[in-house]
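Asks:
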Amino acid sequence: MSWHIARDLCLRCGACVSVCPVLALELEERGIINHHEKCVLCGICEKVCPSGAIRVEKK
3 MSWHIARDLC LRCGACVSVC PVLALELEER GIINHHEKCV LCGICEKVCP
53 SGAIRVEKK
(Lines of atoms letter the chains of each structure in order from A; the text may use other names.)
(Lines give C-alpha, C1' and ligand atoms only; values in the text may rest on other atoms or scores of the structure.)
Protein backbone atom coordinates (compact mmCIF):
# COMPACT_ATOMS: atom_id res chain seq x y z
CA MET A 3 0.00 0.00 0.00
CA SER A 4 1.25 3.44 -0.82
CA TRP A 5 0.33 7.08 -1.27
CA HIS A 6 1.80 9.30 -3.98
CA ILE A 7 1.37 12.90 -5.06
CA ALA A 8 2.37 14.33 -8.43
CA ARG A 9 3.74 17.66 -7.22
CA ASP A 10 3.57 19.12 -10.73
CA LEU A 11 -0.21 18.51 -10.80
CA CYS A 12 -0.94 19.68 -7.24
CA LEU A 13 -2.89 22.96 -7.20
CA ARG A 14 -2.18 23.51 -3.48
CA CYS A 15 -5.90 24.08 -2.98
CA GLY A 16 -6.09 22.21 0.32
CA ALA A 17 -9.14 20.12 -0.60
CA CYS A 18 -7.39 16.93 0.49
CA VAL A 19 -6.25 18.47 3.78
CA SER A 20 -9.79 19.49 4.69
CA VAL A 21 -11.25 15.98 4.22
CA CYS A 22 -8.54 13.83 5.79
CA PRO A 23 -10.19 12.03 8.75
CA VAL A 24 -6.89 11.41 10.56
CA LEU A 25 -5.21 14.77 9.85
CA ALA A 26 -2.37 13.11 7.95
CA LEU A 27 -2.07 15.88 5.37
CA GLU A 28 -0.64 19.35 5.76
CA LEU A 29 -0.52 22.20 3.27
CA GLU A 30 2.78 24.04 3.07
CA GLU A 31 4.06 26.61 0.61
CA ARG A 32 5.85 23.91 -1.39
CA GLY A 33 2.78 21.67 -1.49
CA ILE A 34 1.10 18.86 0.41
CA ILE A 35 2.95 16.94 3.08
CA ASN A 36 1.73 13.45 3.97
CA HIS A 37 2.49 12.28 7.49
CA HIS A 38 2.67 8.61 6.51
CA GLU A 39 2.64 7.41 10.11
CA LYS A 40 -0.91 8.80 10.48
CA CYS A 41 -2.28 7.92 7.03
CA VAL A 42 -4.77 5.03 6.94
CA LEU A 43 -4.92 4.94 3.11
CA CYS A 44 -8.67 5.54 3.05
CA GLY A 45 -8.47 7.25 -0.37
CA ILE A 46 -10.77 10.17 0.42
CA CYS A 47 -8.04 12.66 -0.50
CA GLU A 48 -7.65 11.02 -3.90
CA LYS A 49 -11.39 11.31 -4.57
CA VAL A 50 -11.58 15.05 -3.79
CA CYS A 51 -8.38 16.13 -5.54
CA PRO A 52 -9.54 18.31 -8.47
CA SER A 53 -6.36 17.80 -10.49
CA GLY A 54 -5.88 14.06 -9.95
CA ALA A 55 -2.52 14.65 -8.29
CA ILE A 56 -3.04 12.08 -5.51
CA ARG A 57 -2.87 8.32 -6.01
CA VAL A 58 -3.59 5.84 -3.24
CA GLU A 59 -2.59 2.31 -4.19
CA LYS A 60 -3.89 -0.61 -2.18
CA LYS A 61 -2.06 -3.74 -3.28
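Mapping of the sequence shown onto our numbering: residues 3 to 61, in sequence order. Think of the CB as a built atom: it goes at the ideal place given N, C-alpha and C, for glycine as much as any other residue.
From the DSSP secondary-structure annotation, give me the bridge partner or partners of Ile7.
Replies: BP columns for Ile7 point to Ile56.
Asks: What residues are listed by DSSP as bridge partners for Leu28?
Replies: A quick correction: the sequence has Glu, not Leu, at residue 28. Note: Glu28 sits in a beta bridge opposite Ile35.
Asks: Would you mind working out which of Cys12, Cys22, Ile46 and Val42 sits nearest Arg32, comparing C-alpha positions?
Replies: Comparing Cα-Cα distances from Arg32 to each of Cys12, Cys22, Ile46 and Val42, the minimum goes to Cys12.
Asks: Helix or strand or just coil, what does DSSP make of Val50?
Replies: Of the three classes helix, strand and coil, the one that applies to Val50 here is helix, per DSSP.
Asks: Confirm, please, whether the CB-CB distance from Ala17 to Val50 is below 8 Å.
Replies: Yes, these two residues count as a Cβ contact at 8 Å.
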